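Trainee: Top to bottom, those sequences are chains A and B. 1075 is the number of the first residue of the first sequence in our numbering; add one for each residue after it. 16 is the number of the first residue of the second sequence in our numbering; add one for each residue after it.
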Amino acid sequence: DVKVTQSSRYLVKRTGEKVFLECVQDMDHENMFWYRQDPGLGLRLIYFSYDVKMKEKGDIPEGYSVSREKKERFSLILESASTNQTSMYLCASTPGGWYEQYFGPGTRLTVT
Amino acid sequence: EDQVTQSPEALRLQEGESSSLNCSYTVSGLRGLFWYRQDPGKGPEFLFTLYSAGEEKEKERLKATLTKKESFLHITAPKPEDSATYLCAVQATTQGGSEKLVFGKGTKLTVNP
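1) What are the boundary residues of the beta strand (DSSP E) that includes Asp1112 (chain A)?
2) By how many angstroms is the C-alpha of Arg1142 (chain A) removed from the C-alpha of Gln1129 (chain A)?
3) Given that Lys120 (chain B) touches chain A, what residues does it touch there, using C-beta distances under 8 Å?
4) Could you give the C-beta distance for Tyr1121 (chain A) and Asn1105 (chain A), rounded to a whole number, given that I count them as a contact under 8 Å?
5) In this structure, how does DSSP classify Thr1157 (chain A) when only helix, strand and coil are distinguished?
6) Using 8 Å for Cβ pairs, my map puts Leu81 (chain B) next to Leu36 (chain B). What's the rounded Cβ distance?
7) Looking at the strands, I want to know which residues DSSP matches up with Val1140 (chain A).
8) Do you know offhand how far Ser34 (chain B)'s Cα is from Tyr1163 (chain A)'s?
9) For the beta strand (DSSP E) that contains Gln21 (chain B), what are its first and last residues?
10) Taking the Cβ atom as the reference point for each residue, do Ser113 (chain B) and Cys38 (chain B) lie within a distance shorter than 8 Å?
11) Taking the continuous beta strand (DSSP E) assigned at Glu1096 (chain A), which residues delimit it?
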């Protein structure tokens, strides 16, 4: 079974802090994705990556950056956290293309 | 603008009471439609992929169908453990030739014993 893990289930940070969310997949998948999920807005794509060191902006990249130095690891960085970035963050991976996405358990981030 | 609309937003059923969830979409260049199940506090879990109108997929009490404008997730004789939010997502091709995935907001299903 594909396993996607995320570094934290719950995280509380202060406004202005730099925040790192990490995602690791163990099935040698090419593509990895970061989403945020908010009530009433559904899942929205922040960034995705087709390969190591490659990244593409999604629908809402503002205020975020990403890093993919190794194939299995995809990090989401909040350069200066703000309260409107309080959300559930979900990482996903696929072997190629968009196809069936395998999601991690999510990180619930609260910015105070 | 590409859109995916799920209805109803919430649905309460009694155990054994069959029903359907709807996912309607307006996208150009449909490449695939996906159904996911999401339990509270967890990430979505993949259920089905449908690629063309007329296609059907089944898994236990769930059956997904696809037409040119919408997809249905039929739930036959549901059990309380089927309670979850069901998400629909559509893979589409943009005018620029790139691909994207558009998610609906989900239907929250509650099955009472």
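Glycine included, each C-beta is placed from N, C-alpha and C at the ideal position. Everything numeric in this text was worked out from a predicted model, so none of it was measured.
Mentor: Reading from the atomic positions:
1) Taking the first sequence and counting its residues from 1, one reaches residue 1112 (chain A) at position 38. It spans 1105-1112 - the beta strand (DSSP E) in which Asp1112 (chain A) sits, taken as one unbroken run.
2) Counted from its first residue, the first sequence places residue 1129 (chain A) at position 55. Counted from its first residue, the first sequence places residue 1142 (chain A) at position 68. Per the sequence presented here, residue 1129 (chain A) reads as Lys, with Gln not at that position. Taking the straight line joining both Cα atoms gives about 8 Å.
3) Locating residue 120 (chain B) in the second sequence gives position 105, where the first residue counts as 1. What Lys120 (chain B) touches in chain A: Gly1114, Leu1115, Gly1116.
4) For the purposes of this step, residue 1121 (chain A) is taken as residue 47 along the first sequence, with counting starting at 1. For the purposes of this step, residue 1105 (chain A) is taken as residue 31 along the first sequence, with counting starting at 1. Not really, about 11 Å apart at Cβ, beyond 8 Å.
5) Counting from 1 along the first sequence, the entry for residue 1157 (chain A) is found at position 83. Thr1157 (chain A): helix per DSSP, three-state reduction.
6) If you number the second sequence from 1, residue 81 (chain B) lands on position 66. If you number the second sequence from 1, residue 36 (chain B) lands on position 21. About 13 Å separates the CB atoms of Leu81 (chain B) and Leu36 (chain B); that is not less than 8 Å, and the two are not in contact.
7) Counting from one through the first sequence, the residue named residue 1140 (chain A) turns up at place 66. DSSP lists A:Leu1150 as partners of Val1140 (chain A).
8) Within the second sequence, the letter at position 19 stands for residue 34 (chain B). Within the first sequence, the letter at position 89 stands for residue 1163 (chain A). C-alpha separation (whole angstroms): 31 Å.
9) Taking the second sequence and counting its residues from 1, the one referred to as residue 21 (chain B) is at position 6. That run of the beta strand (DSSP E) goes 18-22.
10) Taking the first residue of the second sequence as 1, we reach residue 113 (chain B) at position 98. Taking the first residue of the second sequence as 1, we reach residue 38 (chain B) at position 23. In this structure, Ser113 (chain B) lies away from Cys38 (chain B), with their beta-carbon atoms at least 8 Å apart.
11) Taking the first sequence and counting its residues from 1, one reaches residue 1096 (chain A) at position 22. In this chain, the beta strand (DSSP E) harbouring Glu1096 (chain A) covers 1093-1099.
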